[in-house]
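Here the numbering used here runs 2 ahead of the position in the sequence shown, where the first position is 1. One structure below.
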Amino acid sequence: MSETPPSIDTPDDDPGSPADPPVADGAGESDAEREAISQSAEVLGRLFDEPITQLPEDLYIPPEALKVFLEAFEGPLDLLLYLIRRQNLDILAIDVAAITHQYIEYVELMKAMEIELAGEYLLMAAMLAEIKSRTLLPKPPKEGGDDEEEDPRAELIRRLQEYERLKHAAEALAELPRLGRDWFPARAGLPPLESRVVHPDVELDELLGALAGILRRAELNQAHQVSREALSTRERMLAIMDKLHHERYTAFEALFTLEEGRAGVVVTFMAILELAKEAMIEIVQNAPLSPIHVRARGGAQDDEEEEAYADDEVEGESPFADDDDQGSESP
3 MSETPPSIDT PDDDPGSPAD PPVADGAGES DAEREAISQS AEVLGRLFDE
53 PITQLPEDLY IPPEALKVFL EAFEGPLDLL LYLIRRQNLD ILAIDVAAIT
103 HQYIEYVELM KAMEIELAGE YLLMAAMLAE IKSRTLLPKP PKEGGDDEEE
153 DPRAELIRRL QEYERLKHAA EALAELPRLG RDWFPARAGL PPLESRVVHP
203 DVELDELLGA LAGILRRAEL NQAHQVSREA LSTRERMLAI MDKLHHERYT
253 AFEALFTLEE GRAGVVVTFM AILELAKEAM IEIVQNAPLS PIHVRARGGA
303 QDDEEEEAYA DDEVEGESPF ADDDDQGSES P
């Protein structure tokens, strides 16, 4: 026993009676009723999830309301190539009359649909008409010395072959992987890196090499002395400490007085070694084989200078820049 869809009773009211108020969402027909309606009649479409089985009587759709273009052509050569390939024709043996007829039909269709065509389409139509007329006209009799007349389709065939090669090359390039379309660069954030420059220790041979250079320069500044003053290592240590307390970093060469000769240089060097042994001074350099600097140790103040020294190194500035310039000057 088959079930029949439930009938919908409509009241026999006057045509001018007001329509029923709209029903809120969820309070209308049930899913079973909708399914029954869709099975009993052909559903043309759905509007707000309601099946439409017949078109309204006052519905009017103008002919120009909807235009669908299934093919898009880049130019007249593209259109000609499409017409030839659609009929599986060989470019070298095309039927100019048939292709011209189809081409002109397409141009007339575009004009009827009020679509603006570029001048090159109309130029190609005129060229096809000329080729068609030249192929249909009888050929004049050949004279003995004249060569064979060139085929009027030769130029068109050459342009079509060249365009087809370029089109295939462009399609091959378009299929290559493209940045932003087929693959994307990976970007990963890196944690901030804190770098600190570790200065190498000053070796004894480097001190001796610097001393040798100072001794050579001291020999050039020797002068005749009537009397020689006795030099004390302890006094020279006090003089060096007094000078280091007034300057942050002092170049190694700046601690020597070349006018005192070799004796003064040796006493000063012994005083520097003694101060370094007693941990009263520190001998540092910015990089291997770079100028040597000396500074006094000072407890908490020394720690503050170490922090400032590290900050200068991170910023790329050397605290020895000024001293290097002074120490590099020759007397």
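For every residue, glycine included, the Cβ atom is placed at its ideal position computed from N, Cα and C. Model, not experiment: these values are computed from the prediction.
Item, Value
"For E284, write down the residues that DSSP places opposite it in a beta bridge.", "R297"
"Quick check: what's the CA-CA separation for R180 versus A190?", "21 Å"
"Quick one: complete beta strand (DSSP E) runs, 3+ long, within the region 158 to 244?", "none"
"Tell me, to the nearest whole angstrom, how far the beta carbon of Y105 is from that of A128; I am working on the premise that it is less than 8 Å.", "Contact doesn't hold; Cβ gap of about 11 Å is too wide."
"Rounded to whole angstroms, what is the Cα-Cα separation between E173 and F75?", "14 Å"
"When the Cα atoms are used, what is the spatial distance from P78 to V98?", "15 Å"
"If I measure Cβ to Cβ from F258 and keep anything under 6 Å in the same chain, skipping five residues before and after, which residues do I get?", "I216, V267, T270"
"Are Y251 and H295 touching if we call contact CB-CB under 8 Å?", "yes"
"Tell me whether I133 sits in a helix, a strand or coil according to DSSP, three-state version.", "helix"
"Check for me: the alpha helix (DSSP H) holding P154 runs from which residue to which?", "Run containing P154: none; DSSP gives neither H nor E here."
"Under a three-way DSSP split, which group does G77 fall into?", "coil"
"Identify, in the order they occur along the chain, each residue of the same chain with its Cβ nearer than 7 Å to the Cβ of P290, setting aside the five sequence neighbours on each side.", "P202"
"Return the chain-ordered list of same chain residues with a C-beta closer than 8 Å to the C-beta of V204, the five sequence neighbours on each side being excluded.", "I285, V286, Q287, I294"
"Tell me which residues share the same chain as E166 and place their Cβ nearer than 8 Å to its Cβ, disregarding the 5 neighbours each side in the sequence.", "L83, I93"
"Is it the case that the Cβ atoms of R297 and L246 are separated by a distance below 8 Å?", "yes"
"Buried or exposed: where does R264 fall if 16 or more other Cβ atoms within 10 Å of its Cβ makes it buried?", "exposed"
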